[in-house]
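K.L.:
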Amino acid sequence: QKSPARFDRERLTWMNGVMIRALPLDELLQRSQNFWPADGAASSLDYRLEVLRLVQDRLKFLAELPELTDFFFIDPQPNPELLSKHFGATAAAGHLEAVLAALPDDWTEPMLEAAIRPLAEQRGVKTGQLFGLLRSALTGRTAAPGLFETMAVLGDTTTRRRLATAHAVLAKPSSR
1263 QKSPARFDRE
1273 RLTWMNGVMI
1283 RALPLDELLQ
1293 RSQNFWPADG
1303 AASSLDYRLE
1313 VLRLVQDRLK
1323 FLAELPELTD
1333 FFFIDPQPNP
1343 ELLSKHFGAT
1353 AAAGHLEAVL
1363 AALPDDWTEP
1373 MLEAAIRPLA
1383 EQRGVKTGQL
1393 FGLLRSALTG
1403 RTAAPGLFET
1413 MAVLGDTTTR
1423 RRLATAHAVL
1433 AKPSSR
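Here our numbering is used: position 69 in the sequence shown is 1331, and no number is missing along the way.
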């Protein structure tokens, strides 16, 4: 007995994501031109290409682009509750200070990871918790593309500025 065809939105969403992931980056960049957040549209094509490289696997619709990429173009407002989620404000501020001091001059993913990953063990904290703190400070979110990839794309100046801003927010007596 045949059953009637039905519209399966979940499958269609999945299929759209598969198609987006299969696109070459330069074609995805061309197709996504009208979907960038306002602050992102003015950035260079090379920078947008790097951002797309990080979020392509997460995209299901091009309309999700602003939501997934806005933090690459505007500094997020530090959220003290999110930043102090795992450690408390004082400890989180100390961890951020240690990370800022350890950041390398050679701003590549491997060098960033080599400088930051050992800090978790040195400071006696779980790697995931330290990375979560850094992700929150850099993106204002708990979920984002890979930490070191994000740092590399954001660049030295932006990364240091955002970490310093988050540190300043946590170091205020009202955050403790």
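Every residue, glycine too, gets a C-beta built ideally from N, C-alpha and C.
Determine contact between the segment 1377-1396 and the segment 1356-1364, defined as no fewer than three beta-carbon pairs at a distance below 8 angstroms.
P.N.:
Touching, yes.
K.L.:
How should I1378 be labelled, buried or exposed, when 16 other C-beta atoms within 10 angstroms of its C-beta is the threshold for buried?
P.N.:
With 16 or more Cβ atoms within 10 Å of its Cβ, I1378 is classed as buried.
K.L.:
Within this structure, are the beta carbons of V1317 and L1330 separated by less than 8 angstroms?
P.N.:
The answer is yes: Cβ separation under 8 angstroms.
K.L.:
So what does DSSP say about W1298, is it helix, strand or coil?
P.N.:
In this structure, W1298 counts as coil in the three-state DSSP scheme.
K.L.:
So I1282 is in the alpha helix (DSSP H); what residue range does that whole segment cover?
P.N.:
Per DSSP, I1282 belongs to the alpha helix (DSSP H) from R1271 to A1284.
K.L.:
On the three-state DSSP scale, how would you describe V1415?
P.N.:
Looking at V1415 - three-state DSSP - the assignment turns out to be helix.
K.L.:
Given a threshold of 16 other Cβ atoms within 10 Å of its Cβ, counted over all protein chains shown, does F1335 qualify as buried or as exposed?
P.N.:
Buried: at least 16 other Cβ atoms inside 10 Å.
K.L.:
With respect to the alpha helix (DSSP H) encompassing E1329, which residues constitute its N-terminal and C-terminal limits?
P.N.:
L1327 to T1331 is the extent of the alpha helix (DSSP H) around E1329.
K.L.:
Less than 8 angstroms between the C-beta atoms of L1425 and L1409, yes or no?
P.N.:
No, the Cβ-Cβ distance between L1425 and L1409 is not below 8 angstroms.
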